[in-house]
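So the structure is just underneath, and the comments pick up after that.
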Amino acid sequence: MSFQLQIQDTFHGESFHGITSFIGEDSSGRFGILSGHSRFMTSLKMGLSRFQDQNGVWNYIAATRALLYFHDNHLQLTAQHFVINQDYQKICELLQQQISEQEQWLEQQTRSLRQMEEAVLKRLWQLNQRDNPQ
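Taking my numbering, I'd label the letters of the sequence shown as residues 862 to 995.
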């Protein structure tokens, strides 16, 4: 027996049929889902999950902020962002690249916020000087 897996994020979605097992991890630990599993919902930890199709091929999923819902042999995975690949090394490289890009983006946003804060403080100081000449 098998089940359907649908994965979606804010940019795209993918569907897979003939899935025989899913392995993920939430705050309680690592778990597996097989066809016929009872209704189940959880929030996945950031990291890698994987699923196997009827041909025994494993696919790895790197997902951020993922919510998993299983009901009636349909597994729905909704994430902020996900990447799927059959090659474990490749997905690790992709994940590292995305983490690096996110870190750069965060640094850029932090610099931008500091610049705005400095501009606001400078403007407040100028207004204070104008209103209270010495």
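Ideal Cβ placement from N, Cα and C applies to all residues, glycine included.
If we count the other Cβ atoms within 10 Å of its Cβ and call it buried at 16 or more, is residue 885 buried or exposed? buried
Closer than 6 Å by C-beta to residue 865: which residues in its own chain qualify, once you throw out the five before and the five after it? Chain order, please. 878, 935
If you check the beta carbons only, do residue 880 and residue 931 fall under 7 Å apart? no
Residues bridged to residue 839 by DSSP? The structure shown does not extend to residue 839, since the chain spans only 862 to 995, so no value can be given for it.
Does the region 967-986 come close enough to the region 939-958 that 3 or more CB-CB pairs lie under 8 Å? no
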